[in-house]
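Peer 1: Count along the sequence shown from 1, add 2, and you get the number used in the numbering used here. For glycine and all other residues, C-beta sits at the position ideal for the given N, C-alpha and C.
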Amino acid sequence: YKMTERLAEYVKKQSVLRPYAHVAKEVGLSDATVYGLFVDYKEETEDKMAFATPTIMGIDEIHLAKQPRCVITNIEERTIIEMLRDRNKPTVIKYLKGIKEPHVILRVTMDMWKPYRDAVKEVLPNAKIIIDKFHVVRMANNAVERCRKEIRASLPANQRRDLKNDRFLLLKREHQLKPREQLLVSHWKVNYPNLGKAYELKEAFYAIYEAKDDDEAFNRYEAWESGLTEDMLPYFNDLHRAVSNWHKEIFSYFHYPATNAYTESMNSVIRHIDRMGRSYGFESIRAKVLFASNLHSITKKPKFNKRHTSMSDSMIMERSIGMMTSKTFYQQRDEYEVINYGVSIDKLAQMLESGQLRFDV
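Pasting the structure below:
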C-alpha cells in the first residue's frame, strides 16, 4: 500500500499511543499495515534511543500476562529507562553489561529478589545495594493483614460487623488516625488482643525508618525483635526472615537514603497496563511505554568548548580585549546537549488514566 511519508510518520507515532485498530479505522488502512508501521517505528527508535545512565538506579518489577517483568528506573528523575522480558539473573546481567557508563551508577535500589542482588554484585561491584523501604514495611502490613483475616474468619457474622473498615484503619499509621478512628482502633485492641499486638508491632517496625542513623535504627530493630512473641511469629515470620537474609542491604538505607518515591504512580501504571494490555505481547507493550516521545523527560544543557592557547596567543588576546587572561579559555557555543532521562512515570500514569495512551484493542 502506497502512502505519503507524512501519513506514514503520523501512523507510526499514533500506533504507539493508540490501539492499532483505532488508527487503522481513522486513516483507512488495514490493522496489519498499521502494525507493520509500528514495528518499523519501534526498530527505528530503538536504534537511536539512548537514555542517560542514572546515578541511583531502581530495579523494580511489574506483572504482565501474569508474569513478573523487570523494570529499570532512574530514581532521581522518576523515569523508566528499560523493561526486561523477565526478572531472571541472566537477563538482568545482560542488560547491566550493556550499559555504556556503568561507573555513573553509585547506588541501586531493589526488591528482595536474590537474582537482582547477584546480578548487581557481579556487574556493578562498586554500587551500593539498598532495599527500598517500601518493600520492607509492606511486609509489616501484610503481617497485620494475615492476623486480621484469621481473626475475622473465626468470628460469627454479627461480630464481623464490629470490624467494619478494619483493614483500612489497621494499615493506616497511628499518628494519622482521626479521633473517631483512634477510638475504633482502641476498641479493637481491647476486644481482639492479638490484633492489637500485631498492630503495635507494625507501628514499631515503621518507627525503625524514623531513626536518625543506622545505630539507632538497629537498636530499634533489636527492640522490635525482642517484642516478637511466639504467638505473633506466624504472622511476622516472613518479615523477620527477610531482615535476617537482607540485613546489610536493608540497613544500608540509613547510610544511603534512596527510595522509590514514584511508587503510587507506578502502581497506577501497573493497574492500567495489566487491565488494558492483555491482548498485546510483551515487546509491543515495552515499545508503547518506552518509545512514546511525548512521555520522555528531556532537558537541554549548554555545551562548552574548552580551547587551550599558547602564551603568545594569550598576550595577543590581552592586548585586544584589555583584560587579564589565562592559558586556557572557555568559549561558549550556541550548542546544547540533549539529555533524555527516560519515560516519566508520572506522565505515563496521567496519560493512562486520561485515556491518551491506550493498550486495549
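Taking the continuous alpha helix (DSSP H) assigned at K68, which residues delimit it?
Peer 2: Numbered from its first residue, the sequence shown carries residue 68 at position 66. Careful: K68 lies outside any alpha helix (DSSP H) and carries neither H nor E.
Peer 1: Going by beta carbon distance, what residues of the same chain come within less than 7 angstroms of K305, once the five residues before and after it are set aside?
Peer 2: Looking up residue 305 in the sequence shown gives position 303. Excluding positions up to five away in sequence, the list reads R335, E337, Y338, E339.
Peer 1: At a cut of 8 angstroms, does the segment 68 to 84 reach the segment 220 to 227 through at least three beta carbon pairs?
Peer 2: Contact between the segment 68 to 84 and the segment 220 to 227 is absent, because fewer than three Cβ pairs lie under 8 angstroms.
Peer 1: On a Cα-Cα basis, can you pick out the residue from K99, V138, M85, P236 that is closest to I287?
Peer 2: Here the question's residue 287 lines up with position 285 in the sequence shown. Among K99, V138, M85, P236, the Cα nearest to that of I287 belongs to M85.
Peer 1: At what residues does the beta strand (DSSP E) containing E28 begin and finish?
Peer 2: On the sequence shown, position 26 is the one that residue 28 refers to. No beta strand (DSSP E) holds E28; the alpha helix (DSSP H) holding it covers 22 to 29.
Peer 1: What are the boundary residues of the beta strand (DSSP E) that includes K102?
Peer 2: For this step, residue 102 is matched to residue 100 along the sequence shown. Per DSSP, K102 belongs to no beta strand (DSSP E) and is neither H nor E.
Peer 1: Which same chain residues end up closer than 6 angstroms to K302 when comparing Cβ atoms and leaving out the 5 residues on each side of it in sequence?
Peer 2: For the purposes of this step, residue 302 is taken as the residue at position 300 of the sequence shown. Taken in chain order, the residues that qualify are Y338, V340.
Peer 1: With a cut-off of 8 angstroms on the beta carbons, I'd call I107 and A129 a contact; round off their distance for me.
Peer 2: Against the sequence shown, residue 107 aligns to sequence position 105. Against the sequence shown, residue 129 aligns to sequence position 127. Right, the Cβ-Cβ distance comes to about 5 angstroms (below 8 angstroms), so this counts as a contact.
Peer 1: DSSP three-state label for M353, please.
Peer 2: Position 351 of the sequence shown, counted from the first residue, corresponds to residue 353. The answer is helix: DSSP assigns M353 an H, G or I state.
Peer 1: When you compare each of V138, W190, H177 to D168 by their alpha carbons, which one comes out closest?
Peer 2: Stepping through the sequence shown from its first residue, residue 168 is reached at position 166. Comparing Cα positions, the closest option is W190.
Peer 1: Any idea what DSSP makes of M51, helix, strand or coil?
Peer 2: Here the question's residue 51 lines up with position 49 in the sequence shown. In the structure shown, M51 sits in coil (DSSP, three-state: anything other than H, G, I, E or B).
Peer 1: Provide the residue(s) that pair with I132 in DSSP beta bridges, ordered along the chain.
Peer 2: Position 130 of the sequence shown, counting from 1, holds the residue named residue 132. Looking at the DSSP assignment, I132 forms a beta bridge with T111.
Peer 1: How about the segment 83 to 97 and the segment 113 to 130: do they share at least three Cβ pairs that are nearer than 8 angstroms?
Peer 2: Flag = yes, the segment 83 to 97 and the segment 113 to 130 touch.
Peer 1: Note down, in chain order, each residue of its chain lying with its Cβ closer than 6 angstroms to the Cβ of N193, except the 5 sequence neighbours on either side.
Peer 2: Counted from its first residue, the sequence shown places residue 193 at position 191. Excluding positions up to five away in sequence, the list is empty.
Peer 1: What first and last residue would you give for the alpha helix (DSSP H) that runs through E205?
Peer 2: Counted from its first residue, the sequence shown places residue 205 at position 203. Unbroken alpha helix (DSSP H) run through E205: 195 to 210.
Peer 1: So which of N196, Q352, D33, V146 has the shortest CA-CA distance to S267?
Peer 2: Residue 267 sits at position 265 when you count from the first residue of the sequence shown. Looking at the Cα atoms, Q352 is the closest of the given residues.
Peer 1: Does DSSP put G38 in a helix, in a strand, or in coil?
Peer 2: Within the sequence shown, the letter at position 36 stands for residue 38. It is helical.
Peer 1: Between R175 and chain C, is any beta-carbon pair separated by less than 8 angstroms?
Peer 2: In the structure shown, chain C cannot be found, because there is only a single protein chain.
Peer 1: How should K102 be labelled, buried or exposed, when 16 other C-beta atoms within 10 angstroms of its C-beta is the threshold for buried?
Peer 2: The sequence position of residue 102 within the sequence shown is 100, counting from 1. Exposed, since its Cβ has fewer than 16 Cβ neighbours within 10 Å.
Peer 1: Spatial neighbours of P104 within its chain, please: C-beta separation below 8 angstroms, excluding the five flanking residues on both sides.
Peer 2: On the sequence shown, position 102 is the one that residue 104 refers to. Same-chain partners within the cutoff: T55, L98, V125, L126.
Peer 1: Determine the extent of the alpha helix (DSSP H) in which E285 is found, giving its start and end residues.
Peer 2: Translated into the one-based positions of the sequence shown, residue 285 becomes position 283. Counting along the chain, the alpha helix (DSSP H) containing E285 begins and ends at 284 to 292.
Peer 1: Expressed to the nearest angstrom, what Euclidean distance is found between the alpha-carbon atoms of E48 and G60?
Peer 2: Stepping through the sequence shown from its first residue, residue 48 is reached at position 46. Stepping through the sequence shown from its first residue, residue 60 is reached at position 58. Each residue's Cα considered, the two are about 21 angstroms apart.
Peer 1: For L172, which residues of its own chain have a beta-carbon under 7 angstroms away from its beta-carbon, when the five flanking residues on both sides are left out?
Peer 2: Reading the sequence shown from its first residue, position 170 is the one you call residue 172. Correct list, in chain order: V146, R150, Y201.
Peer 1: For K349, is the classification buried or exposed, using 16 other Cβ atoms within 10 angstroms of its Cβ as the cut-off for buried?
Peer 2: Locating residue 349 in the sequence shown gives position 347, where the first residue counts as 1. K349 should be labelled buried.
Peer 1: Buried or exposed: G100, going by 16 or more other Cβ atoms within 10 Å of its Cβ?
Peer 2: Here the question's residue 100 lines up with position 98 in the sequence shown. Its Cβ having fewer than 16 others within 10 Å, G100 is exposed.
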